[in-house]
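All residue numbers for the sequence shown refer to my numbering, where the first residue is 1405 and numbers rise by one.
Read through the structure below, which is laid out as structure tokens, and then see the notes.
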Amino acid sequence: MAFIVFSTNAYSENEMVVSEEEAASLYEWEVVDDLVTILDYHGPSVVVLPAKIGKHKVTRIEGFAFFMKDITSISLPNTITSIGRSAFTWNNINEVIIPDSVRSIGDAAFANNRIHKIILGKNIANINKSVFRQNYCTEISIPENVKTIREAAFIQMDSIKGSLNDPIPWVLRSIKIGESVTIEAYALPDDFLETYNACGKGAGEYLLNNDGTWQLKKEEK
1405 MAFIVFSTNA
1415 YSENEMVVSE
1425 EEAASLYEWE
1435 VVDDLVTILD
1445 YHGPSVVVLP
1455 AKIGKHKVTR
1465 IEGFAFFMKD
1475 ITSISLPNTI
1485 TSIGRSAFTW
1495 NNINEVIIPD
1505 SVRSIGDAAF
1515 ANNRIHKIIL
1525 GKNIANINKS
1535 VFRQNYCTEI
1545 SIPENVKTIR
1555 EAAFIQMDSI
1565 KGSLNDPIPW
1575 VLRSIKIGES
1585 VTIEAYALPD
1595 DFLETYNACG
1605 KGAGEYLLNN
1615 DGTWQLKKEE
1625 K
């Protein structure tokens, strides 16, 4: 089953340090105030981003840095604080851990991938526009630390179908949401938002019925 999990404890064990010579074969980067921003990538499909390049800590991923690079796997270090717009868009990533160190993720950063599972750290307050648009998620659970879900963040989860070797259609069927979350228009499927609003924007788990409508799951007594 494909799903997105939002955790309150997303720790990455990636603490890799590489020399500047090693990094030069894979990345383009800049150093400002002794901190590294990754600008571009030209390496293999499995990415293990270092925590340091030489003596400099890697803290930012520039927008479009990994755009359309045929990436299938990404490991982020606990030093990353910011992921730019469309940084990993149009790849084949299946699963990603966003460490607790990350405080901002730009628009469409992980759109158009094959993501089944995301573990998102405790310091993300806003899920920005189109961040997870067009992926393979069938379940979404939003934690209390998320306060705003912006336009198109989770739409078109059912527009990507399986391949000939993976023929099962991926359809978003379960959304768990807490209290005090602001959801912008079109952030989630329209039919879900219609039910969510009709239920007074109540917290709980919403389930997709076979007829395409949504319902708020009743709590068992």
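Think of the CB as a built atom: it goes at the ideal place given N, C-alpha and C, for glycine as much as any other residue.
Worksheet item: Taking just the CA atoms, how far does K1551 sit from M1420?
Response: Each residue's alpha carbon lies about 32 Å from the other.
Worksheet item: Pick from G1616, I1579, D1615: whose alpha carbon is nearest that of K1605?
Response: I1579
Worksheet item: Within the chosen definition, does the segment 1498–1512 reach the segment 1444–1455 through at least 3 CB pairs nearer than 8 Å?
Response: no
Practice prompt. Use the C-beta contact count for S1490: other C-beta atoms within 10 angstroms, 16 or more gives buried, fewer gives exposed.
Written response: buried
Discussion item. Quick check on this structure: which residue in E1583, F1558, G1582 has the alpha carbon closest to the alpha carbon of D1595?
Written reply: F1558
Discussion item. Taking the alpha carbon of M1472 as the reference point, which residue from L1480, V1462, G1447, T1485 has its own alpha carbon closest?
Written reply: G1447
Practice prompt. Give me the Cα-Cα distance between S1479 and F1470, rounded to the nearest whole angstrom.
Written response: 13 Å
Discussion item. Let me check one thing: in DSSP terms, what residues is W1433 bridge-paired to?
Written reply: I1442
Worksheet entry | Cα-Cα separation, K1461 to E1555 | 33 Å
Discussion item. With H, G and I counted as helix, E and B as strand and the rest as coil, what does DSSP make of E1543?
Written reply: strand
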